[in-house]
Amino acid sequence: MTNHLISIRDLQVHFPIKTMILQRTIGVVRAVDGVSLDIEKGKTLGLVGESGCGKTTIGRAIVRLNDPNGGEIRYEDGEDILSLSGEKLRDMRKNIQIIFQDPYSSLNPRHTVGGMLQEVLTVQMHMDKKQAAERADELLRQVGLSPIYALRYPHEFSGGQRQRVAIARALALEPRFLVCDEAVSALDVSIQSQIINLLMDLKDQYQMTYLFISHALNVVEHISDVVAVMYLGKIVEMAPTEEVFQHPAHPYTRALLSAIPILSGRKKRERIILHGEVPSAANVPPGCRFHTRCPHMDESCRESCPELKEISPGHWAACSKI
Amino acid sequence: MEKLIEVKNLRTYFNTPEGVVRSVDGISFEIGVGETLALVGESGCGKTVTSLSLLRLLPETAEVSADSLDIAGIESIDLTKEQARAMRGKVISMIFQEPMTSLNPVFKIERQLGEVFRLHEPGISKQEVFKRSVDILQRVGVPNPAERLKVYPHQLSGGLRQRVMIAISLASSPKLLIADEPTTALDVTIQAQILDLLKRLQEEMHMSILLITHDFGVVSQIASRVAVMYAGRIVEQGMLEDIFENPLHPYTELLIASIPGIKVTRGGRLQTISGTVPNPLHFPEGCRFAPRCPYARDICSRQEPQEIDIGGRRVSCHLRTEDKGGEQA
Amino acid sequence: MNQDNDKKRRDEKLPQAPESAGKEIGGEALPVTNYWANVVRLFFKNKMAVVGLVMMIIIIFMCCAAPLFTKYDPVADMEYYNVKQPPGGDHWLGTDHVGRDVWSRLLYGGRTSVLTGVLVALFAGVIGVTVGLVAGYFGGVIDAVLMRFTDIMLSFPFMILAIAIMAALGSSQRNIVISLAVTSWPGFARLTRSQVLTIKNSEYVESAKVAGFKNARIIFKHVLPNCMGTFIIQLTLTIGGAILSAAGLAYLGMSPNIAEPEWGAMLNDGKPYLQTHAYLTTIPGIAISITVLAINWIGDGLRDAFDPKMRK
């Protein structure tokens, strides 16, 4: 019996590139290319990386919003989520919910806030109308909104309030695992901090487990217990948060961290400015994927793709130079 | 320091069917030659409208007034459309957040860049335009500039598009570059490249930058002075270190404390600001931050605070006025 | 001194952040508005749309309550001694070639014409929206098959197709409706499909999927309501188009029963006398134009009212 809520093994998600008219497949985007990770119960795993690195694709694969080409995702050492379908899949979905980035498109504009919560409660949680209405009020209160808002439509809310509604809707199913896909990235600083506090409170209250996907390193540092850094569809480094931020091992992680906003009271990090752009996931460079931008690159990096190895207890990195 | 821009009591109001929106309501600031001023604030605080007011790029419904709007020695408040157009590009230039939408998708880079040279120097030869285009792309760090001139914007990555955008806005050698969230749409490592580039170009060309952003991280990397905006007003302005180390206005203080990884240790509770930004149609009486301010007193909701000078910093807060009054007495 | 004061204030602890959970946000007196109320408000802001609506209400009322406005029967009252009377006098819009009152034929004929338009639009709408929804939502092979079929339908000149259907089924009012519905659903299908494709990828539909809702619920509760705006606009425009097409078919002699009043048939009846008695064609022509114009104004108004960009 392990203590893992979610275990991902060798996950592969490829998207075909098709021609406009004939729909012929002319290539493949390896959005996620062999990712394995475990998320411990009650912990938050922060998944960071630049756009197109595949972090969102992993989150969407866990909630089955895309169809992976290979690998497996297990929930509590149970059945592979990817093999579920029909009623079994619908049951499993209650456990695993997602919050999206854009609070303006994640709520149905035609439903009142109370209506969308009650729909989930009556249909999925099998409550009667009265129970559902009471529970909806309770959920709104839990995310810090007044129940009088139940009759309002999404367009009457500000971004932060909408994100609270989205959280309430996810909570309605009493999930144990929540994927937060850039959940605070679209919000203003002061609102962002409210939502982060809320997420952390809810986690403590319900012993939830989070996968927190974000490009904002300072937010990830704040909220996560373990951090995984992705680059071009692969995890390049994974370790407890302190370890990653204090002793980054992979050159990409170091460059990313050096770009974190440094304000007062912090030691200035050495600035590492990477040259060039992130290569396209449709045309992944051979060997180590980072070698085209790596300041420590040599011939061997072009040839073989380094595997993740444990460089100190709990600290994994994929670089042949370590 | 020699001043390039001096704005006194700038007001930009929008007439809407619902009433007058006071997007920018009496702000004063100056930008020195070769200096970077960061205008920081949350969405809807009026920072972008401020920059568009300087450029005179506002819709018909906007009314701009100011006691003084001195841009490079020219009083620009009463400029005609023609004069304002001449000023844009020559004196002030701007880069936007989303480089994809600010480049025209149907024209090649060559044409969009060459247009600027031709506009400011009519009759310039084709070869000269090409030479200068290659030259400026090289300066903004675009690899293989001669090849890149022949492509369409969608064939470039986000970082390269922003570099091209910067090249276009610098082609006319402006004295002031307004950068409106220049790196928000970019990835962290690309963001670092662009900020680095802006800094280098600023030194080379001895130009001033007005940086508009909500991101204190970006501010800390490039700005020398900071002005914090809230609800159409500048609540506090001063040198970067002073603002970060010792914010005088409660809004600045709370805003900085609400960013993860600065004041609070990991996993701790972040500072929040209760309530929401006021509706620009109905700003609260007195200090506009008073309804959300944990230090608010009676006077705050009755009387608007005056801007006062404390050791070279300017702040609009009754608490500071009292401190200063106490000292004099 | 000043510095000390600053420092003192700094040393005071920041006020305790409000508990994010438990404490309620809100209570400001925002007016409770709903989506449809907003649509109605924006619609009534559009003057042309309101004019169109008023015109349409008058037209429908006069057609439905035709006996109140005329004492003549449109079919039975034939005054053989009094044919092709120009407008004026007892028959204030004149009489046609067999001595029937033009005004009463106009009123009773409106019933058929407007009803035809509405029925065609409804049938075409139901078929088209169903095809579009299924194609857009399920995608893949289903989408490819349905949409190629739609494309084939669209590639026929619709008037010729309608005439062919009429020729096969025989001419009756019912068959006019069928042939026009068959030729106008592809428009609905394409429009609905493109809407569904956008809505399907929206995060609220994805949330509904993740919540474990069944496809039927997602389609009818989440996707379909969000297509209603464009559906209603297309519906009004199709009504106008169908009235014109029905008149066109009648003018081409596809009219089922020469005696029954119908605007298109009236045009057809007046055709031989175009040079001598122009009012016989002009009057039904004007009636058709006014009705279609009114419906199109309503459609324009609805489009603006549903457009989210017009919203605050």
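So the sequences go chain by chain: Z, H and F. Per the numbering used here, the first sequence starts with residue 1, numbered consecutively. Per the numbering used here, the second sequence starts with residue 323, numbered consecutively. Per the numbering used here, the third sequence starts with residue 652, numbered consecutively. Backbone N, C-alpha and C define an ideal beta-carbon position, used for all residues, glycine too. Quick caveat: nothing in here was measured; it's all calculated off a predicted structure.
Is the shortest distance between the beta-carbon of residue i and the beta-carbons of chain Z less than 8 Å?
i, result
"H/G481", "yes"
"H/V510", "yes"
"F/R799", "no"
"F/F789", "no"
"F/S822", "no"
"H/R522", "no"
"F/S853", "yes"
"H/D502", "no"
Starting from residue i, trace the beta strand (DSSP E) in both directions and tell me its first and last residue.
i, result
"Z/P240", "234-240"
"Z/V28", "25-40"
"Z/Q12", "4-18"
"H/E558", "555-561"
"Z/F177", "177-181"
"Z/T112", "Unbroken run through Z/T112: none, as it is neither H nor E."
"H/T338", "325-338"
"H/I534", "530-535"
"Z/Q207", "No beta strand (DSSP E) holds Z/Q207; DSSP gives it neither H nor E."
Should residue i go down as buried or exposed, given a rule of 16 or more other Cβ atoms within 10 Å for buried?
i, result
"F/N919", "buried"
"Z/H296", "exposed"
"F/V705", "exposed"
"F/Y732", "exposed"
"Z/I58", "buried"
"H/E404", "exposed"
"F/W687", "exposed"
"H/H571", "buried"
"Z/K234", "buried"
"Z/I26", "exposed"
"H/G395", "exposed"
"F/G921", "buried"
"Z/Q23", "exposed"
"F/I870", "buried"
"F/C715", "exposed"
Starting from the beta carbon of residue i, find every residue of chain F whose beta carbon is closer than 9 Å, and list them in chain order.
i, result
"Z/R254", "Those do not exist, as Z/R254 stays about 33 Å from chain F at its closest Cβ, beyond 9 Å."
Give a yes or no on whether the minimum CB-CB distance between residue i and chain H is below 8 Å.
i, result
"Z/E221", "yes"
"Z/K267", "Note that Z/K267 scores 49 on pLDDT, short of 50, meaning its location in the model is unreliable; the coordinates nonetheless yield the value given after this. Answer no: the Cβ-Cβ gap between Z/K267 and chain H never drops below 8 Å."
"Z/I17", "no"
"Z/C319", "no"
"Z/T209", "no"
At a CB-CB cut-off below 9 Å, which residues of chain H make contact with residue i?
i, result
"Z/N218", "G539, I581, P582, G583, I584"
"Z/L173", "By Cβ distance, chain H contributes nothing, its closest Cβ being about 26 Å from Z/L173, past 9 Å."
"Z/E40", "Going along chain H, no residue has its Cβ under 9 Å from Z/E40, so there is no contact; the nearest lies around 15 Å."
Taking 7 Å as the line, does the beta carbon of residue i fall inside it for any heavy atom of the ligand HEM?
i, result
"H/V362", "Annotation note on the ligand HEM: not contained in the displayed structure, which lists no ligands."
List, in chain order, every chain Z residue whose beta-carbon is nearer than 8 Å to that of residue i.
i, result
"H/E340", "Residues of chain Z passing the Cβ test: none, with the nearest at roughly 15 Å."
Note down, in chain order, every chain Z residue with its Cβ under 9 Å from the Cβ of residue i.
i, result
"H/H536", "D188, V189"
Any beta carbon from chain F within less than 8 Å of residue i's own beta carbon?
i, result
"Z/L257", "no"
"Z/L65", "yes"
"Z/R24", "no"
"Z/S264", "Note that Z/S264 has pLDDT 47, beneath the 50 cutoff, so the model's placement of it is unreliable and the number below is only indicative. Closer than 8 Å: no."
Since residue i meets chain H, which of its residues come closer than 7 Å, beta carbon to beta carbon?
i, result
"Z/E237", "Chain H residues near Z/E237: none, gap ~15 Å exceeds 7 Å."
"Z/Q194", "T594"
"Z/E50", "D509, V510, T511"
Along the chain, where does the alpha helix (DSSP H) containing residue i start, and where does it finish?
i, result
"Z/G70", "Note, Z/G70: premise wrong, no alpha helix (DSSP H); beta strand (DSSP E) at 70-75."
"Z/L84", "Neither: Z/L84 is in no alpha helix (DSSP H) and is coded neither H nor E."
"H/H442", "431-442"
"F/E911", "Counting along the chain, F/E911 falls outside any alpha helix (DSSP H), and DSSP gives it neither H nor E."
Under 8 Å between C-beta atoms, does residue i make it to chain B?
i, result
"Z/Q124", "Absent from the structure is chain B; the protein chains it does hold are Z, H and F."
Cβ closer than 8 Å: which chain F residues qualify as neighbours of residue i?
i, result
"Z/V184", "Under the 8 Å cutoff, chain F gives no residues; its nearest Cβ is about 12 Å from Z/V184."
Could you tell me which chain F residues have their CB closer than 7 Å to the CB of residue i, listed as they occur along the chain?
i, result
"Z/V120", "A862"
So residue i contacts chain H; which residues on that side make the cut at Cβ distance below 8 Å?
i, result
"Z/I273", "T511, A514, Q515, D518"
field: Within 7 Å of chain F by C-beta, residues of the segment 91-108 of chain Z in sequence order
entry: Of all residues in the segment 91-108 of chain Z, the ones placed with a Cβ closer than 7 Å to any Cβ belonging to chain F are R93, K94, Q97, I98, F100, D102, S105, S106, L107, N108, in chain order.
query: Listed in chain order, which residues of the segment 855-877 of chain F have Cβ atoms closer than 9 Å to some Cβ of chain Z?
result: Y855, V856, E857, S858, A859, K860, V861, A862, G863, F864, K865, R868, K872, H873, P876, N877
message: Output needed in chain order: residues of the segment 284-305 of chain Z with a Cβ under 7 Å from some Cβ in chain F.
response: none
Where the segment 800-820 of chain F meets chain Z: residues whose CB sits under 7 Å from a CB there: So the list is empty, because no residue satisfies the distance condition.
query: Which residues, taken in chain order from the segment 340-370 of chain H, show a beta carbon closer than 7 Å to some beta carbon of chain Z?
result: If you check each beta-carbon in the segment 340-370 of chain H against every beta-carbon of chain Z, the ones closer than 7 Å belong to E364, S365.
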